[in-house]
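Engineer:
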Ligand SMILES: Nc1ncnc2c1ncn2[C@@H]1O[C@H](COP(=O)(O)OP(=O)(O)O)[C@@H](O)[C@H]1O
Ligand SMILES: [Mg+2]
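Residue numbers (our numbering): 241 to 559.
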């Protein structure tokens, strides 16, 4: 599709946006539209839907690769301007952003397509990863977030569904484009997820590196325990718990395992920023110290993931 002039493009955008709104409202997956307004991308299917819009799988005819296209109707200008900056971040554990643009009503970003499962699949009590894998995955995530922090970018919305384990078992962090630049202090309003947001964010203060570390602590807890560190019946009770309560002690693991992880979770999710890990590197360091002690406590190996086979071999060889 090519457009003779800007008006055609705007007309296209309006039509697509009307359809888009209907799809979000009706939860309908049967229409696959082209929100980018050119024929470079062949839209394939909807990968998922989040608070701000839809994510599609598409084929990039120019680069000859699959891409994920996130179409959003919120915070348009800021969304796009930030993704332009974040797009410069290249790291093994961060989903690359190739392009972003905004129409009059909504915006989209073109990003690396990751085939795999989001971490929430492994936060299910029936589908937990081995503790060794949990630690390895968390260490990789810490590396990615540390790299972002070093480059002046805060994620702001770290949660299991924003981390995809690819087919090789490497965690890839998405949605860094929605983060706030460390030097730009204007928050975009409340669009994080209360269960993983730090007390200071929920009290209305701008997100910092420390708030990302809090969210990482919540993700670690959930991967070990199979339930959220903070969960109320509704967003308000969840918010109350994050601000006032500690996560319930780990219950699904043996006492030695609890003894290893409890202090790490406590430090990562400390209400007081001064008591929290100062950097993701510190958190990763404590997890890597725990690693050699874990394999002897692994009780059950579940056939959930390639990595567990690796764990079994490691356990067998006792290394
Ligand atoms: N780069 C990507 N590659 C593959 N799938 C993706 C990608 N980004 C997002 N997704 C999928 O789209 C879903 C919706 O994403 P999103 O709109 O960010 O909402 P949320 O993060 O709340 O799940 C994700 O849960 C994930 O399954
Ligand atoms: Mg997301």
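Positions of the beta carbon are idealized from the N, C-alpha and C atoms, including for glycine.
Can you list, in chain order, the residues of its chain whose CB lies under 8 Å from that of residue 435, leaving out five sequence neighbours each side?
Structural biologist: Taken in chain order, the residues that qualify are 399, 458, 468, 469, 470, 471, 478, 482.
Engineer: Along the chain, where does the alpha helix (DSSP H) that runs through residue 412 open and close?
Structural biologist: Note, residue 412: premise wrong, no alpha helix (DSSP H); beta strand (DSSP E) at 411-413.
Engineer: What are the boundary residues of the alpha helix (DSSP H) that includes residue 379?
Structural biologist: Start and end: 371-390.
Engineer: Quick one, what's near ligand 2 if you take every residue whose CB is closer than 6 Å to any heavy atom, in chain order?
Structural biologist: Any residue whose Cβ sits closer than 6 Å to a heavy atom of ligand 2 makes the list: 290, 401, 402, 414, 415.
Engineer: Would you call residue 190 buried or exposed, if buried means 16 or more other Cβ atoms sit within 10 Å of its Cβ?
Structural biologist: Only positions 241 to 559 of the chain appear in the structure, and residue 190 is not among them; the question remains open.
Engineer: Tell me the rounded alpha-carbon separation between residue 387 and residue 537.
Structural biologist: Approximately 31 Å, taken between the alpha carbons.
Engineer: Which complete alpha helix (DSSP H) runs does the region 495-543 hold, if anything under 4 residues is left out?
Structural biologist: The qualifying runs are 495-508, 520-534.
Engineer: Just to check my reading of the structure: residue 406 and residue 413 have Cβ atoms closer than 8 Å, yes? What is that Cβ distance to the nearest angstrom?
Structural biologist: Going by Cβ atoms, the distance from residue 406 to residue 413 rounds to 11 Å, so no, they are not a contact pair.
Engineer: Do residue 293 and ligand 1 come close, with the Cβ less than 7 Å from some heavy atom?
Structural biologist: Within the cutoff, so yes.
Engineer: Consult DSSP for residue 399 and reduce its assignment to one of helix, strand or coil.
Structural biologist: Correct three-state label for residue 399: coil.
Engineer: Which residue comes first and which comes last in the alpha helix (DSSP H) that contains residue 476?
Structural biologist: Counting along the chain, the alpha helix (DSSP H) containing residue 476 begins and ends at 475-484.
Engineer: Please work out which residues of its chain come closer than 8 Å, Cβ to Cβ, to residue 511, disregarding the five sequence neighbours upstream and downstream, and give them in chain order.
Structural biologist: So the qualifying residues of the chain are 439, 483.
Engineer: Nearest CA to the CA of residue 357: which residue from 340, 330, 495, 410?
Structural biologist: Nearest option by C-alpha distance: 410.
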